[in-house]
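Residue numbers (the numbering used here), protein chains in the order written: chain A, 1 to 635; chain B, 636 to 1022; chain C, 1023 to 1224.
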C-alpha cells in the first residue's frame, strides 16, 4: 500500500513536497485530479494516479494544462473537490480558461497548484507565477515546509468552498522536489454528492456583474486569511532587521541567522498567504523595525506588495529602509540558497560570512583540477541522438541552410553540441512547429531555406495538432519531425494520448500519430531513426520540393525504457586494429562528434573504447564509423 | 616496361613539404593549427571553387559527395588533413610536380610539358563504336590491364549511385569500355581510388580530368598516409577539359527534358560547338549551350589547365577529324605506354599537323588568360572529352 | 548524531540511484525519530549530469533542503570526482567521506575534450579534503550481485559498518518495503550486508 493513503492520523513520515501536496488533497476529500506533466509538479498527479483505484478518485493525465484545468473545473462546478497541477509554463496554457472561471466562480472546491522552477533547473523559462493571483483576484498560498504543503492544500480546499472560487498554491522546486517530515491527518469518509445545478448557468458575461462578484469573493478570502497561522513571526520583538520571506526562504533564513549569531538582532516574518497579504499582521511588525530585507524566489512580488501596503499605510508606520531585489542586495532572478542568504545577511548586518569569495575561488580551482564538468548529453542509446544526427546530415547535404525549429523536451538538448547544435529555437510546447509553419510560408519573400520542426510525441498531442491544421490551411511548406520515443520521457514516463493505458492504468485506445497526420492530408512517413541512412535520405527527399506540410515520424523507444524492458539489442565492441582514432580520415568521429557516452576516447591507447556499463547496445555508432572499427553483434 | 619510372623526391620530403606548403599558403606558422577542413571549406567549397574531383570525399567522414556537390558535414581538428593537401583547387605548385614527373621545369607554353603530340585512334571497332572520339583512352587502359601493366583502372561511369556519374574500379577491358564516353560533369570519381587502394591493388591506372590529374600528382608527392602512392598510382591518363557542368543541376535539367529515356551519349560537335547533342534510346535531341552555360561549375571557369598538363598522356578531341583523338605524350611512362600500344596493334597513330598544334596551344593559352583575367563568362567549344 | 543538524551529501551521476538511496536513508532516520529534510538536484540527472542530494538530520528542527557551504558532516560519493566536487564546496576539516572508486566519465571526457584526473591524485585530493575517507569498490561488488545500481545500498551499508550512522537491517527492510517494494528487500539487504562488511574492519 502506498504511504500516501496510510490512514494513521498523527503518524510522521518522510514525504516529498509533491507527495505532501497530494496527501493534502486526499485529506481534503479530492475527487478529481488532472494535469499535464511538467517538472517540478509532475509527482502530484503521478502519486494521486497510483492511489486512484483504492481511493475511488478520478485522475487523468490530460492532453494539456488548459484541458486539465477544464476537467478539474467540471468537477468543481459540480459540488466536488478537484485539483489541477501544473508547472509555471502550464499556467500560461491554462490561463485563458482560468481568467474566465474566476469570474463565474465554482460550486465545489478547486485548488490550482502551480510549481514554479526558480533558476529554470528543468524548465525553458523562469517565471514567477504569483503575479497571476493578483491578475485573477484569487487567493494565493505559498508553503514553506512539507507539512505546510499538505496543510495549505487541505485548507485551500476549505477556502475555495467557502469563497466559491478557486485557490492557487504556489510551490517551488525546493518544496516540490524536496523531502521532509509530514504528520498525517485523517482521511475523510464522506464526500459531497456530485451534482451540476442546471438552473444556474455559469457565464462571465456581463463582467459588470461578475467582476464585482469576484472582488466580493476576494474580500471574503482576505477576511478568512487575515489571522492565518500560515503567517509566522520568529525572533526578537523589536529587531534591528526584519527579514520578510516566503516559500523556501523561511527555513534558509532561520538557519542563516543562527549560523551568523544574529538571533537577538534579526527576526523573520514568513508570509504564507502571499495574496491577499495579511495586512494587519504585517503592519504590526513593520511598526517595530527600521530595516526590512526581503528574501523570495524569482520576482520581488512580496517585496512590491509590501511596499504598496507600506505606501497605503505610511501614516501608521515609521521610516523604513526596504532592501531586497529592488535595492540590488538580493539577486533579481533565480532561486534562493543558504549561501545567497548568508551573504546578503552578512552584507546588511556587517557580520562576516565564513564561506567568502576567496574560499569560493579555491573551491572552483579544486573542482577544475579534479572534477571535470559534466555537460548534459543524451543518454547512451537515446534515439534523439540518432534523429538529430540524421537531420544534421540531411540539412548539410541539402545545402540550403535549413532551419530546425524546436521546443521543450529531452530533445531540447539538440541546441547544445552534444545534440549537434541542430535546434535553432527553443520556446514553448509546440512552438517549434508553429514557427516552422510560419517560416515555411515565406517563399514569397525569396526565403528558400527549408523549414523543419521537431516535437516529441507528448508535445505533438499537447500543442502541435492545431499547428498542423493551420499548416494545411495555409499550405505551409514545412516538415514536422515527430521524435516519437513513446514516452513523456523528460518528466518521468507518464502516459499520453498515444499510450495504450491511461493515468490510472486502464486500457485505452492509443491515438496513432501518423494516422492523425494522414487524416489531415499530410504526406506522412514513419521511420526508425536507428536506420541512419534511410532517415537521412527520407529527410532529404521530403524537404527537397515541398508544396505543403509533411510529417515524418521517427519512432524508437526511449533508451531508458527499452533498456529496462529488453536489455541490450547489440553487444558493441571496437576492433582496435581498425580504429584509426585521431588520424586524418576519422579524427575521433564517434567520441568527438557523435558523443554517445557509451563511447570513450582512450587517451593513452589513442583508440575509442566501448563503456560496457554505459552502452545501451543500440548499435548506431557501428554505422557511422568510417573505418568499420565498431562491431555490433546481436546480444 | 617499367611503369615506376616516375622519379619522385626523396621519401622523407613530402610530409615536411606539405606542412611547409600549408604554412606558406596560410601565411605563417601560427595559422597552421587551424583545421585543414575549415580552410578547405573557406577557400574552396564556400567559394564555389570545388570541381568535384573527388580527391577529398573518399577519405573523410566529414566530406561527402551529394548530388554532384562536395558537402562538409562536420568539423575536423586535423591541421594537416589530406582534404586540403590533396585538393587541386586549394593550392597547386607546378614546379615540384613537373620535376617529379618530367624531370624538368614546368613548361608554361600552353599545353605543358610533352614529348610528342600525335593523332591517334583505336584499332578496335567495338571501342570506336562506343567512344566519344577515337577510343584512345579505352584502348590504352584496356591494353594496360591486359598486359598487366596495371592491375586495376579507376574510370568514370555514367551510371553511378543514384543515377549520378561516379568513379568505378575496373579490372577488365569490358569494365573500362563500359565507361567510355564524355560525361561533361564533375563526378567525384577519384573517390573510387580509395576503393582500389583498399582492395590492395598495387598498380592502378586512372583516367581523369585536369583537376583530377593535378590532385593525383599532389597525392603522390605528399602521400600523407604512406600509402606508397608514387608507385601504386602507376598510370595517369588525362583528358582535355574546358569546363564541366555541375552534375546535380545538369542531371535534373536532362531528366526534365528527357524524362526517363535512357541516355546513350552526350556530344558537343564542333564547329561551332554551341549545342549539346543528347543521344537517347529513341533519337537525338539538341540543347543550346547558351542554356547550359549557367550550369558550368565555377571551379572550371577558374581552372588554367585545359589539357591535363601533368598526366602521363593526355587525350582529347581532334577538331575537324571525327573518329580521331589528339594524343599528348608527356612522361617517359606515357611514351613507353604509347609505343607498346602501337607495337601491339592496339592503337593507330598519325603525325599531328603543326597548325592543329598551334591552334590547340592557342586555345589552351586562351583559357589560361581568361582565368588570369578572371572573366568566368568566356567559354569555348573545347569540352570535357573522354575518348 | 555527533552534531545537530547532521548534514549528509550523497553525490553521484544521473542513473546511479542517488535519489532513491538518500530517500531510503531518510525514511529510516524519520522512523528513528529524526526530523529529516532532503533536497535534490535533478535537472540533468537522466542525462549524465552530476546529481547531489542534501540530507539534513536533526532531533529538533526541520531544516532547509540545501546545506550551507562547508557544512557537510558526511559525504557519500557514488563516483570519485563527484566526491571532490562536493568536498570543495561543502567539505570542512571534519568531513568524513565514503567513496565508491568506480569512475564514470563525463561526456566531456569520453569525447576527448577534457582529461579525467589520475586515480592516485584524485584519491589523494579526497583524503586531503576529508577528516577520514573510506574507499570502496562498490560498483564491482554490485555487479557481482547483478546490478550496478545496488552500489548505492552498498554505500549505505558501508556508512553503517563504519559506525557513522546507525542503521539496522530491519529498519532498512521496512523502508524498502514502504518506499520501493517488498520483492526488492532481499537483494538490497544483501548489498547492505556487503557494504557493512567492507568498512566493518575493527
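Each residue gets a CB set at the ideal place from its N, CA and C atoms; glycine is no exception. What you are looking at is a predicted structure, and each value in this text was computed from that prediction instead of being measured.
Helix, strand or coil for residue i per DSSP?
| i | result |
| --- | --- |
| residue 945(B) | coil |
| residue 455(A) | strand |
| residue 324(A) | coil |
| residue 271(A) | coil |
| residue 486(A) | coil |
| residue 359(A) | helix |
| residue 628(A) | coil |
| residue 1067(C) | Note that residue 1067(C) has pLDDT 48, beneath the 50 cutoff, so the model's placement of it is unreliable and the number below is only indicative. Here residue 1067(C) sits in helix by DSSP. |
| residue 662(B) | With a pLDDT of 41 at residue 662(B), under the threshold of 50, the modelled position of that residue is not reliable, and the figure given next carries that caveat. Coil at residue 662(B), not helix or strand. |
| residue 932(B) | coil |
| residue 223(A) | helix |
| residue 676(B) | helix |
| residue 144(A) | coil |
| residue 418(A) | helix |
| residue 35(A) | strand |
| residue 1024(C) | coil |
| residue 997(B) | helix |
| residue 1037(C) | coil |
| residue 113(A) | strand |
Kindly identify the DSSP beta-bridge partner or partners of residue i.
| i | result |
| --- | --- |
| residue 802(B) | 791(B) |
| residue 1189(C) | Note: residue 1189(C) sits in no beta bridge, so no partner. |
| residue 180(A) | 15(A) and 1059(C) |
| residue 983(B) | 756(B) |
| residue 291(A) | 321(A) |
| residue 1076(C) | 1031(C) and 1061(C) |
Going by DSSP, what residue range makes up the alpha helix (DSSP H) through residue i?
| i | result |
| --- | --- |
| residue 1112(C) | 1102-1112 |
| residue 7(A) | Careful: residue 7(A) lies outside any alpha helix (DSSP H) and carries neither H nor E. |
| residue 939(B) | No alpha helix (DSSP H) contains residue 939(B), which DSSP labels as neither H nor E. |
| residue 338(A) | 338-349 |
| residue 1145(C) | 1141-1150 |
| residue 470(A) | 465-474 |
| residue 833(B) | 826-833 |
| residue 303(A) | 301-312 |
| residue 1162(C) | 1160-1167 |
With respect to the beta strand (DSSP E) encompassing residue i, which residues constitute its N-terminal and C-terminal limits?
| i | result |
| --- | --- |
| residue 910(B) | 910-915 |
| residue 601(A) | 599-602 |
| residue 233(A) | 232-234 |
| residue 61(A) | 58-61 |
Would you tell me roughly how many angstroms separate the C-alpha atoms of residue i and residue j, rounded to the nearest one?
| i | j | result |
| --- | --- | --- |
| residue 60(A) | residue 1192(C) | 37 Å |
| residue 316(A) | residue 306(A) | 14 Å |
| residue 1067(C) | residue 1096(C) | Note that residue 1067(C) has pLDDT 48, beneath the 50 cutoff, so the model's placement of it is unreliable and the number below is only indicative. Roughly 22 Å separates the two Cα atoms. |
| residue 1083(C) | residue 1057(C) | 6 Å |
| residue 1199(C) | residue 1207(C) | 7 Å |
| residue 616(A) | residue 623(A) | 15 Å |
| residue 292(A) | residue 215(A) | 30 Å |
| residue 1008(B) | residue 998(B) | 15 Å |
| residue 921(B) | residue 678(B) | 37 Å |
| residue 282(A) | residue 308(A) | 12 Å |
| residue 578(A) | residue 829(B) | 16 Å |
| residue 1023(C) | residue 1094(C) | 13 Å |
| residue 402(A) | residue 684(B) | 22 Å |
| residue 312(A) | residue 342(A) | 32 Å |
Please report the Cβ distance between residue i and residue j, rounded to the nearest whole angstrom; I am assuming they are in contact, meaning their Cβ atoms lie under 8 Å.
| i | j | result |
| --- | --- | --- |
| residue 135(A) | residue 156(A) | About 18 Å separates the two Cβ atoms, so there is no contact after all. |
| residue 590(A) | residue 621(A) | 5 Å |
Please decide whether residue i counts as near chain D, where near means a Cβ-Cβ distance under 7 Å.
| i | result |
| --- | --- |
| residue 693(B) | Absent from the structure is chain D; the protein chains it does hold are A, B and C. |
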